[in-house]
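For the sequence shown, the residue numbers in mature numbering (1 follows the signal peptide of the UniProt record, and there is no 0) are -22 to -1, 1 to 342.
The next block holds one structure in the form of structure tokens; read it before the comments.
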Amino acid sequence: MKNKFTLALLFGVLMFASCSKSSPNDPTPPTPPVPPTIKDSITITRTEVSYTPTPISEFPILSSTMASSLYVGRIIKDSDTSNLSSTFSVPVTDTNNINKVTIYTTLPTDAISSTGFASYALNQNYLNTILRNNASGQMAGIKIEDNFGNPNIQFRFNTFRSMVGADVDMNSLFNLGFSDTTTVDKKNKIIYLQIEYTKFRIDCEPPIYKDFIKIPKTNSSYSSLFGNGEPKIISSIAYGVSYIIAMVADSSKTNDLITALKSYKQEITNASSMDYNNLSTSDKAIFKSTKGYAIALGQDQKKYANAEDILIDITSGYKKIINDLTYGGYPIRYALSNVSSFTGYSKTFNLAQYREVTEKVPKN
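In structure tokens, the structure reads:
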């Protein structure tokens, strides 16, 4: 019995071995795929540019020369709107060509309005009258903006075009010495503070039952005086003070600079007692050691040695316009309307925004 079992076991082992041996007719198994050779890669940083439509309905007054050429009721050619940050062509003052306008102010005053042919003299006489009679100190609005909460955003000076409201190279205003689209050194950060105090506006309204322009479009002189497109009229001028301050600081000093600027913002809210010298010695030392640039609307632009010089200058102007009821500041912004319909005019430009993108690419 034992021998029969042993023979059966041996027969089973031989059969298994026979079945396990590959047949010469079996197909050849496929060759395993060879993974591709991975080339060395390098990390690069490139700049992506996107464009944001930026509408402007109130235009900046960028110099004293420009300020002295503007007055409410002035009609300008449509072609002059191609560059709203520069002076316009010769104004039309001949009373045979234009009708009288009525100008008024947002200040509560006994000098309710004034009617006459639009001119710089009419504008200034009315301005002086309302300031002499101003007893309220009412302001139309104040705007204070900054990037203290997010100083890590790296941006170029061209960003300030949207704050100013003009599509011009900020180099011409900030006295940068380089294009506003130039990348700022990555070890630095730009901290900004914008202060705009609008004390009042002078506005105009169209003549009753008449047009602003007296002569018809068919008149042979019309196109030379008012252009071929839809003429515009300066319908409002805002008066006050407006400053944009940009400080370039080493990243390691950013927090100290922001702390000092917060102290400065707190100081200028105390209208009656505001004084730059009220700041701490450490705050003033930070401003003195920080590179600063500034734009002041309605004024000729200055070049400053440091941020301290800027803030001293601004504090003086800001304090005066708040506490002196008879001081109107500067013409800082103006608005335009279409002559025929007296509807507001706005202009849109594309603001370039830059973003750095880091990615890996094959090494050559």
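Glycine included, every Cβ here is placed at the ideal spot set by N, Cα and C.
- Relative to the Cα of R52, the nearest Cα in the group V142, P33, E183 and I168 belongs to E183.
- The shortest C-alpha to C-alpha distance from K195 to any of I186, N256, P209 and Y187 is the one to P209.
- Counting along the chain, D234 sits inside the alpha helix (DSSP H) bounded by residues T232 to I246.
- Residue pairing from DSSP places L329 in a beta bridge opposite T30.
- The distance from the Cβ of Y221 to that of A274 is about 5 Å, consistent with a contact at the 8 Å cut-off.
- Counting along the chain, the unbroken beta strand (DSSP E) around V226 starts and ends at K210 to D228.
- Taking C-beta separations shorter than 7 Å and ignoring five residues to either side along the sequence, the partners of A227 in its chain run N166, K167, I169, L235 and T268, following chain order.
- Cβ atoms of Y308 and V162 stay farther apart than 8 Å, at about 29 Å.
- Judged by beta-carbon spacing, S19 lies within the 7 Å limit of K341, meaning their Cβ atoms are closer than that value.
- With respect to the C-alpha of V146, the residue from P38, K298, N284 and Y104 having the closest C-alpha is P38.
- In this structure, DSSP gives T83 an extended state, which the three-state scheme calls strand.
- The beta carbons of L257 and I223 sit no closer together than 7 Å.
- Within the same chain, and ignoring the five residues on either side of N316 in sequence, the residues whose Cβ sits closer than 7 Å to its Cβ are E208, K210 and Y323.
- For K188, the three-state secondary structure derived from DSSP is coil.
- Residue state for I90 is assigned as coil, using DSSP reduced to three classes.
- Taken through DSSP and simplified to helix, strand or coil, R139 comes out as helix.
- By DSSP's assignment, E337 forms a beta bridge with I22.
- Of the other Cβ atoms in all chains shown, fewer than 16 fall within 10 Å of the Cβ of R110; this residue is therefore exposed.
- In the structure shown, G295 falls within a helical segment according to DSSP collapsed to helix, strand and coil.
- Nearest C-alpha to S41 among N112, S150 and N284: S150.
- Contact between the segment 71 to 81 and the segment 91 to 106 is present: 3 or more CB-CB pairs across the two stretches fall below 8 Å.
- DSSP places Q277 outside any beta strand (DSSP E), giving it a letter other than H or E.
- Per DSSP, the unbroken alpha helix (DSSP H) holding D261 starts and ends at T259 to K266.
- Beta-bridge partners assigned by DSSP to G119: T176.
- Residue Y271 holds the alpha-carbon nearest to the alpha-carbon of F135 among K338, T293, Y271 and I246.
- Ranking S250, G276, S198 and A330 by CA distance to the CA of L303 puts S250 first.
- Per DSSP, reduced to three states, the secondary structure at I108 is helical.
- Here DSSP, grouped into helix, strand and coil, assigns A283 to coil.
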